[in-house]
Structure formats: structure tokens, C-alpha cells
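The numbering used here applies: residue 118 is where the sequence shown begins, and numbers increase by one.
Each residue gets a CB set at the ideal place from its N, CA and C atoms; glycine is no exception.
Keep in mind the model is a prediction, meaning the values are calculated, not measured.
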Amino acid sequence: MNTSSRVDVVLAEGKPTAAAVEHTVTEPVETADVAPDPSRRTIVLALTKQEGRETAEALGIEPVAIVTPRRPHASVGIVADAIIEAPGLDRAVVDELMVNAGPSLATSTVDAS
118 MNTSSRVDVV
128 LAEGKPTAAA
138 VEHTVTEPVE
148 TADVAPDPSR
158 RTIVLALTKQ
168 EGRETAEALG
178 IEPVAIVTPR
188 RPHASVGIVA
198 DAIIEAPGLD
208 RAVVDELMVN
218 AGPSLATSTV
228 DAS
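Written out as C-alpha cells, the structure is:
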């Protein structure tokens with residue numbers, strides 16, 4: 118099957134001018150209601166499982182795993198699109214938990230072999 122296409126280009130005379138765009142913000146950006154993507158798989162890092170649940174609830178997401186110092190292997194075997202941290206975590210705790218949660222991040226869907 119042969120397909121051909123033809124494009125007509127029309128050039129207007131004169132110089133283009135910038136049009137004034139009027140934009141009104143109806144609510145502050147901080148309070149804008151943005152629904153989370155339900156297809157995203159998220160792992161929550163927290164000090165306790167309850168704190169992880171509260172963080173996920175505040176963000177309006179359902180985590181696939183909550184990784185805590187007591188349950189560092191909670192994300193083993195799970196593939197995730199994002200890892201979020203509960204507020205108030207020390208950097209050292211985050212680094213410790215990321216050792217186990219980090220490999221769960223989906224980086225590719227293609228088999229490299």
C-alpha cells in the first residue's frame with residue numbers, strides 16, 4: 118500500500134505580535150487538589166508502620182510496601198515506580214532503608230539478556 122501526503126503552507130504577511138494572555142488563579146498552588154496516579158506503585162520509608170500509613174493516607178496513595186527499621190525487607194520481590202520518605206526521617210535511617218528498598222525501583226521493562 119502506497120501512501121502519499123501533501124502539506125500546504127500558508128505564510129501570513131507582517132510581523133507576529135505577542136497576544137496578551139490573561140490567567141487568573143482561583144486557588145493557591147499549595148492547596149490545589151491533585152489526584153495521585155492510581156497506577157503508580159509507591160514504597161513508603163518510615164520509622165514505624167503506623168507512621169508510614171499516615172504518610173500514605175495524607176498523600177492519598179495506597180503504598181505497595183512500608184519499609185521500616187523493624188521490617189527492612191518489606192519490599193523484597195516488589196516492583197515500584199517511586200519511593201517516598203515519611204517526614205522526620207534521619208538521613209542515616211533513609212540510607213539504611215534504601216539498601217533494601219532501592220532495588221525495587223522499576224528501571225526498565227526490557228530484559229537485558
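Whether residue i touches residue j by CB criterion (8 Å)
i: E168; j: A199; result: no
i: I183; j: A175; result: no
i: M159; j: V193; result: As written in the sequence, residue 159 is Thr, which differs from the Met given in the question. It is not a contact, given that the beta carbons lie outside the stated cut-off.
i: S156; j: I195; result: no
Residue i - partner residues in DSSP beta bridges
i: V161; result: I183 and I201
i: L222; result: A197
CB-CB length for residue i against residue j, believed under 8 Å
i: V210; j: P186; result: 7 Å
i: A197; j: L162; result: Wrong, their Cβ atoms sit about 11 Å apart, outside the cutoff.
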